[in-house]
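Student: Chains as they are written, first to last, in the working numbering: chain A, 1 to 280; chain B, 1001 to 1280. Note that beta-carbon positions come from the ideal geometry of N, C-alpha and C, so glycine has one too. On a predicted model such as this, the values are computed, not experimentally measured, just so you know. Next up is a structure, given as structure tokens.
Number of protein chains: 2
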Amino acid sequence: MVTSVGENTTGLQVGDWVVMVKQQAGTWSTNHNVKVNDVVKIPDHEGLSEVHVATITVNPPTAYNMLTDYVELNAGDWVMQNGANSAVGQAVIQIAAARGLKTLNFVRSRDDIEHLKEQLCGLGATQVLTYEDLNDKSLRDKVKGWLGGKEIHLALNCVGGKETTAMLRYIGKDGHLVSYGAMSKQPFSLPTSAFIFKNLTAHGFWQSRWYLDHSAAEREALMGSLTQLMKKGKFQAPEHEIVSIGKQESDSEATSKIRGIFQKLAAGRYGKKVLLKFEE
Amino acid sequence: MVTSVGENTTGLQVGDWVVMVKQQAGTWSTNHNVKVNDVVKIPDHEGLSEVHVATITVNPPTAYNMLTDYVELNAGDWVMQNGANSAVGQAVIQIAAARGLKTLNFVRSRDDIEHLKEQLCGLGATQVLTYEDLNDKSLRDKVKGWLGGKEIHLALNCVGGKETTAMLRYIGKDGHLVSYGAMSKQPFSLPTSAFIFKNLTAHGFWQSRWYLDHSAAEREALMGSLTQLMKKGKFQAPEHEIVSIGKQESDSEATSKIRGIFQKLAAGRYGKKVLLKFEE
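Laid out in structure tokens, this is it:
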């Protein structure tokens, strides 16, 4: 929340809610003096939760922009993605569903796969498949049936490796592959024929670069689109844990608390976002 | 050469030179009745050799368009490519040189590599390297020196495989990789970091699709740009062999002659273009 603005500052007032879009700017502090251009105003924030707003800066806009910037999509069109249960993947499912788009979602297989499928379908996923399903030759006909004559022109990738190459079998002519992560830590291999005969184009997306390349008005418009979805109940806050740093806590107590969380995060899949709240 | 035009045909006259841009249209015949849209007029053809015109349809426009359609390049800017001694590669070198562009060219190593380097430099190549050179860590500083602070924003690939991945180390921020072939018969592997942090975009180029997507006026303008280069001596005809099919030859004689050539072509690297001439 804006507590004070400098002289000649336009576009922001005391009481406005803002999010920081410059990387690593002021995350670890109660109050911070920032440049106007390092933050984006959250327009019309009444009724939004702190969790919604605290998690709005990176994942939801990544999903939103990838669904907007590369391919013109209309209701009924399909999009596919891997890592579909990632925070961005879940945002893609919800934003796509709100726009009437259909999603073909790929995830790793796991013991509770049916539970995960239910969860993603609850968010609006049209189909959820595992990477193992890609090895099943009967999948081709199934997908063809689902598509009903349509082609998929947008594929989103945060995994890399063979999962991406395999998913690309389902990309249509003039399709676009947008990569925003590499969870598998593997580069991906692309057949030249897809580029030449299907006219595939491959891009990378990075929300930090998007912020640098866009004006304050464009950034605020993006936030407005996302907050509208949140207010309409079409965008759930991600699974999260709020860690409060109390006003009375000493630096060493706070450090120890946060160190414990980082150890858990570093040890493996924490499975939810950790939000720090500095109490005043 | 146009020997007759249908009623209401516009844009072509008897005596015009044309090339066929529809794939496999009429290659094996002395005379052929084609649709206007299946051919492109060679404007202002006086002074051009038949060899120039017979080889103008695919390789020179591929090079020309790849140098034009993806990145705005000005004199002094750099382009890199692998398979630099292919027919398209040589066209890239010559068209780039004519525009004042500098080229970083990669080829397979071979016994007569110095001869090949001389030949490509004779066409206007700025630097010629082998894929083996890419493994040499000192190359990074050498290339840096050549570039003198510039970045390479366009990379052309007809090889695929690891040669392409290795070449991409030298692509700059916001670079474009355009693939038009896969001589190695290997897909290529791209690190996601190049897409995300360097904002790499990867495309495919196919001249046949270009013709389908462009108007008669655009096609003729392209041919005009190429013939101007040829007339100014800035574009050498590729190495070639003209095989004449005499008017007196029987079908079986002609078939046997052509079969012999195909056997040589299929056996390995013929090393030059084969042009058929049907004598009248």
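From the DSSP output, which residues share a beta bridge with Gly1181 of chain B?
Tutor: Within the second sequence, the letter at position 181 stands for residue 1181 of chain B. None; Gly1181 of chain B has no bridge partner.
Student: Give me the Cβ distance between Leu226 of chain A and Tyr64 of chain A, rounded to the nearest whole Å; I'm assuming they're in contact under 8 Å.
Tutor: Here residue 226 of chain A corresponds to residue number 226 of the first sequence, with the count starting at 1. Here residue 64 of chain A corresponds to residue number 64 of the first sequence, with the count starting at 1. Going by Cβ atoms, the distance from Leu226 of chain A to Tyr64 of chain A rounds to 6 Å, so yes, they are a contact pair.
Student: Report yes if the C-beta distance between Lys277 of chain A and His240 of chain A is below 7 Å; otherwise report no.
Tutor: On the first sequence, position 277 is the one that residue 277 of chain A refers to. On the first sequence, position 240 is the one that residue 240 of chain A refers to. Not a contact, by the Cβ cut-off of 7 Å.
Student: Are the Cβ atoms of Thr1126 of chain B and Ser1109 of chain B separated by less than 7 Å?
Tutor: Indexing the second sequence from 1 puts residue 1126 of chain B at position 126. Indexing the second sequence from 1 puts residue 1109 of chain B at position 109. No; because the gap between Cβ atoms is not below 7 Å, this pair is not in contact.
Student: Would you mind telling me which residues of chain A sit closer than 7 Å to Pro1191 of chain B, beta carbon to beta carbon, in chain order?
Tutor: In the second sequence, the residue the question calls residue 1191 of chain B occupies position 191. Those are Pro187, listed as they occur along chain A.
Student: If distances are taken between C-alpha atoms only, which option among A:Gly181, A:Lys162, A:His214, A:Leu154 comes closest to Thr201 of chain A?
Tutor: Looking up residue 201 of chain A in the first sequence gives position 201. The option with the nearest alpha carbon to Thr201 of chain A is A:Leu154.
Student: Could you please give the first and the last residue of the uninterrupted beta strand (DSSP E) stretch that includes Glu1151 of chain B?
Tutor: If you number the second sequence from 1, residue 1151 of chain B lands on position 151. Segment: none, Glu1151 of chain B is in no beta strand (DSSP E) and carries neither H nor E.
Student: Counting only Cβ-Cβ distances shorter than 9 Å, please list the residues of the segment 190-223 of chain A near chain B, keeping chain order.
Tutor: Flagged, chain order: Leu190, Pro191, Thr192, Ser193, Ala194, Phe195, Ile196, Phe197, Lys198, Asn199, Leu200, Thr201, Ala202, His203, Gly204, Phe205, Trp206, Arg209.
Student: Tell me the DSSP secondary structure of Leu104 of chain A in three-state form.
Tutor: In the first sequence, counting from the first residue as 1, residue 104 of chain A sits at position 104. Looking at Leu104 of chain A - three-state DSSP - the assignment turns out to be strand.
Student: Take every Cβ of the segment 93-104 of chain A, pair it with every Cβ of the segment 70-83 of chain A, and state whether three or more of those distances are shorter than 8 Å.
Tutor: Yes, the segment 93-104 of chain A is in contact with the segment 70-83 of chain A.
Student: Pick out whichever of B:Lys1198, B:Thr1192, B:Ile1261, B:Ser1004 has its Cα sitting closest to the Cα of Asn1033 of chain B.
Tutor: As a position in the second sequence, residue 1033 of chain B is number 33, starting the count at 1. Minimum Cα distance to Asn1033 of chain B is reached at B:Ser1004.
Student: Can you give me, in chain order, the residues of the segment 1166-1185 of chain B that have a beta carbon less than 8 Å from any beta carbon in chain A?
Tutor: Ser1179, Tyr1180, Gly1181, Ala1182
Student: State the Cα-Cα distance for the pair Tyr1070 of chain B and Gly204 of chain A, rounded to the nearest angstrom.
Tutor: Residue 1070 of chain B sits at position 70 when you count from the first residue of the second sequence. Residue 204 of chain A sits at position 204 when you count from the first residue of the first sequence. Going by the C-alpha atoms only, they are around 16 Å apart.
Student: Can you check whether the CB of Val1051 of chain B is closer than 7 Å to the CB of Ala1084 of chain B?
Tutor: Taking the second sequence and counting its residues from 1, the one referred to as residue 1084 of chain B is at position 84. Taking the second sequence and counting its residues from 1, the one referred to as residue 1051 of chain B is at position 51. No.
Student: Considering only C-alpha positions, which residue in the set A:Pro60, A:Ser179, A:Gly175 is nearest to Glu163 of chain A?
Tutor: Mapped onto the first sequence, residue 163 of chain A falls at position 163. Glu163 of chain A has its Cα closest to that of A:Ser179, out of A:Pro60, A:Ser179, A:Gly175.
Student: Below 6 Å CB to CB, which residues in the same chain sit around Asp1174 of chain B once its five sequence neighbours on both sides are set aside?
Tutor: Here the question's residue 1174 of chain B lines up with position 174 in the second sequence. Cβ neighbours of Asp1174 of chain B beyond the five flanking positions: Asn1199.
Student: Using a C-beta to C-beta distance shorter than 8 Å, which residues of chain A count as neighbours of Gly1160 of chain B?
Tutor: Sequence index remark: in the second sequence, residue 1160 of chain B carries index 160 (1-based). Within 8 Å Cβ-Cβ: Thr192.
Student: What are the boundary residues of the alpha helix (DSSP H) that Glu1050 of chain B is part of?
Tutor: In the second sequence, the residue the question calls residue 1050 of chain B occupies position 50. That run of the alpha helix (DSSP H) goes 1050-1054.
Student: Do Met66 of chain A and Leu156 of chain A have their C-beta atoms closer together than 7 Å?
Tutor: In the first sequence, the residue the question calls residue 66 of chain A occupies position 66. In the first sequence, the residue the question calls residue 156 of chain A occupies position 156. Cβ atoms of Met66 of chain A and Leu156 of chain A: closer than 7 Å.
Student: How many angstroms separate the CA atom of Ser29 of chain A from the CA atom of Ala267 of chain A?
Tutor: Against the first sequence, residue 29 of chain A aligns to sequence position 29. Against the first sequence, residue 267 of chain A aligns to sequence position 267. Ser29 of chain A and Ala267 of chain A have their C-alpha atoms some 25 Å from each other.
Student: Among all the DSSP beta bridges, which residues are the ones paired with Gln1081 of chain B?
Tutor: Mapped onto the second sequence, residue 1081 of chain B falls at position 81. DSSP lists B:Asn1105, B:Leu1156 as partners of Gln1081 of chain B.
Student: If you follow the alpha helix (DSSP H) that Met1066 of chain B is part of, which residue opens it and which one closes it?
Tutor: As a first step, residue 1066 of chain B must be located in the second sequence, where it is residue number 66. Unbroken alpha helix (DSSP H) run through Met1066 of chain B: 1059-1066.
Student: At which residue ranges does the segment 1213-1279 of chain B contain complete alpha helix (DSSP H) runs of 4 or more residues, listed in the order of the chain?
Tutor: 1216-1231, 1251-1267
Student: Quick check: what's the CA-CA separation for Asp1112 of chain B versus Gly1161 of chain B?
Tutor: Indexing the second sequence from 1 puts residue 1112 of chain B at position 112. Indexing the second sequence from 1 puts residue 1161 of chain B at position 161. Roughly 24 Å between the two C-alpha positions.
Student: Who does Lys22 of chain A pair with in a DSSP beta bridge?
Tutor: Taking the first residue of the first sequence as position 1, residue 22 of chain A is located at position 22. Lys22 of chain A pairs with nothing; no bridge assigned.
Student: Examine the Cβ distances between the segment 1004-1013 of chain B and the segment 251-266 of chain A and report whether three or more of them are shorter than 8 Å.
Tutor: no
Student: Should Arg1259 of chain B be labelled buried (16 or more other beta-carbon atoms within 10 Å of its own) or exposed?
Tutor: Locating residue 1259 of chain B in the second sequence gives position 259, counting from the first residue. With fewer than 16 other Cβ atoms within 10 Å, it is exposed.
Student: Would you kindly work out how many angstroms separate the C-alpha atoms of Val969 of chain B and Leu1229 of chain B, rounded to a whole number?
Tutor: For residue 969 of chain B there is no data in the structure shown, the boundaries of chain B being 1001 and 1280.
Student: Decide if Trp146 of chain A is buried, meaning its Cβ has at least 16 other Cβ atoms within 10 Å, or exposed.
Tutor: For the purposes of this step, residue 146 of chain A is identified with residue 146 of the first sequence, where counting begins at 1. With fewer than 16 Cβ atoms within 10 Å of its Cβ, Trp146 of chain A is classed as exposed.
Student: Given this structure, state the Cα-to-Cα distance separating Glu220 of chain A from Pro43 of chain A, to the nearest angstrom.
Tutor: Working through the first sequence from its first residue, we reach residue 220 of chain A at position 220. Working through the first sequence from its first residue, we reach residue 43 of chain A at position 43. Near 7 Å, if we compare the C-alpha coordinates of Pro43 of chain A and Glu220 of chain A.
Student: Between which two residues does the beta strand (DSSP E) holding His203 of chain A run?
Tutor: As a working mapping, residue 203 of chain A is identified with position 203 in the first sequence. Taken as a continuous stretch (DSSP letters only), the beta strand (DSSP E) holding His203 of chain A covers 201-204.
Student: Going by Cα to Cα distance, which pick from B:Arg1140, B:Gln1248, B:Glu1253, B:Cys1158 is closest to Glu1279 of chain B?
Tutor: For this step, residue 1279 of chain B is matched to residue 279 along the second sequence. Minimum Cα distance to Glu1279 of chain B is reached at B:Gln1248.
Student: Three-state secondary structure (DSSP) at Val1092 of chain B?
Tutor: For this step, residue 1092 of chain B is matched to residue 92 along the second sequence. Correct three-state label for Val1092 of chain B: helix.
Student: Report the three-state DSSP secondary structure of Gly175 of chain A (helix, strand or coil).
Tutor: The residue you call residue 175 of chain A lines up with position 175 of the first sequence. Correct three-state label for Gly175 of chain A: strand.
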